[in-house]
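To start, the structure itself, in structure tokens.
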Amino acid sequence: MATSLHLSGSCARITLPLSRTHAESVGPAPPPHTAPFFNRLPPPRPLLSLRKLQNASPPLLLSSKTRAVAKESSAKETTEKCGTAEGKYYFLVANANFLLDEEEHFKEVLFERLRHLNERKKEQDFWLVVEPKFLDRFPSLTNRLLRPAVALVSTDPGWISFVRLKLDRVLSSEYESESLQEALACNPTELRFPPPKKWEAPYPKYEFGWWERFFLPSKADSQN
Numbered sequence: 240m241a242t243s244l245h246l247s248g249s250c251a252r253i254t255l256p257l258s259r260t261h262a263e264s265v266g267p268a269p270p271p272h273t274a275p276f277f278n279r280l281p282p283p284r285p286l287l288s289l290r291k292l293q294n295a296s297p298p299l300l301l302s303s304k305t306r307a308v309a310k311e312s313s314a315k316e317t318t319e320k321c322g323t324a325e326g327k328y329y330f331l332v333a334n335a336n337f338l339l340d341e342e343e344h345f346k347e348v349l350f351e352r353l354r355h356l357n358e359r360k361k362e363q364d365f366w367l368v369v370e371p372k373f374l375d376r377f378p379s380l381t382n383r384l385l386r387p388a389v390a391l392v393s394t395d396p397g398w399i400s401f402v403r404l405k406l407d408r409v410l411s412s413e414y415e416s417e418s419l420q421e422a423l424a425c426n427p428t429e430l431r432f433p434p435p436k437k438w439e440a441p442y443p444k445y446e447f448g449w450w451e452r453f454f455l456p457s458k459a460d461s462q463n
């Protein structure tokens with residue numbers, strides 16, 4: 240690259256070579272003009288005016304009656320999902336000797352459940368039934384049972400599942416009944432358990448008949 244120099248009053252023309260270092264320092268021609276970055280951003284959204292805010296409809300407020308109906312509907316849906324419909328019972332059943340005399344943890348499970356319900360001021364929702372009549376509906380279960388049998392019946396399916404997993408050696412199912420008395424009806428049976436060959440627990444053996452606390456009270460007992 241070269242530069243021409245014209246001198247006034249003379250026809251001389253001098254061409255001076257441009258040094259390479261200077262040419263490199265000049266660099267390439269600048270790119271065509273582009274708009275700054277902030278000019279390419281989308282325009283900001285307009286803010287709502289005070290008039291529009293004042294004219295906007297207020298949020299929907301539910302009355303106390305509407306909220307109560309909604310709450311009741313939600314509780315009903317939850318009950319249906321849990322399977323605790325009125326008239327439906329869940330049970331586990333095993334040999335009476337195993338469940339009432341040999342299984343060390345069964346008594347603690349029942350009394351802990353009773354304490355839990357009393358602290359929350361809830362009614363008892365489980366009972367023990369010796370030789371229950373509803374077992375006649377389950378021949379597949381009775382064929383696998385040693386008699387006499389005892390059943391733990393409850394209206395809470397989740398708790399029955401918990402006890403079944405804790406005890407392991409039990410059978411379980413569910414049934415429907417029109418009344419609590421019909422659901423817990425039993426065949427009169429006298430329980431007799433042989434003395435244990437060896438009691439390994441550090442505490443004395445439970446007293447005979449501790450399970451009667453969890454029978455359904457008779458009408459005469461309820462009146463007294």
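Numbers in this note's numbering are just positions in the sequence shown, counted from 1, shifted up by 239.
Ideal placement from N, C-alpha and C gives every residue a C-beta, glycine not left out.
Remember, predicted model here, so these are calculated numbers, not experimental data.
Residue i, enclosing beta strand (DSSP E) - first and last residue
{"i": "V368", "result": "365 to 369"}
Where residue i sits in the DSSP three-state scheme
{"i": "L331", "result": "strand"}
{"i": "E446", "result": "coil"}
{"i": "V389", "result": "strand"}
{"i": "L374", "result": "helix"}
{"i": "L410", "result": "strand"}
{"i": "E429", "result": "coil"}
{"i": "E342", "result": "coil"}
{"i": "T260", "result": "With a pLDDT of 48 at T260, under the threshold of 50, the modelled position of this residue cannot be trusted; read the value that follows with caution. Three-state DSSP puts T260 in a helix."}
{"i": "E362", "result": "coil"}
{"i": "R383", "result": "coil"}
Buried versus exposed call for residue i [16 or more other C-beta atoms within 10 Å across all chains shown]
{"i": "A388", "result": "buried"}
{"i": "T394", "result": "buried"}
{"i": "L338", "result": "buried"}
{"i": "A440", "result": "exposed"}
{"i": "F365", "result": "buried"}
Proximity of residue i and residue j at Cβ, strictly below 7 angstroms
{"i": "W449", "j": "L367", "result": "no"}
{"i": "R403", "j": "S411", "result": "yes"}
{"i": "F432", "j": "D340", "result": "yes"}
{"i": "C425", "j": "P371", "result": "yes"}
{"i": "Y328", "j": "A390", "result": "no"}
{"i": "V392", "j": "F330", "result": "yes"}
{"i": "E446", "j": "G326", "result": "no"}
{"i": "L380", "j": "N334", "result": "no"}
{"i": "V369", "j": "T428", "result": "yes"}
Limits of the unbroken alpha helix (DSSP H) element including residue i
{"i": "A422", "result": "419 to 422"}
Residues bridged to residue i (per DSSP)
{"i": "E439", "result": "E439 pairs with nothing; no bridge assigned."}
{"i": "E415", "result": "K327"}
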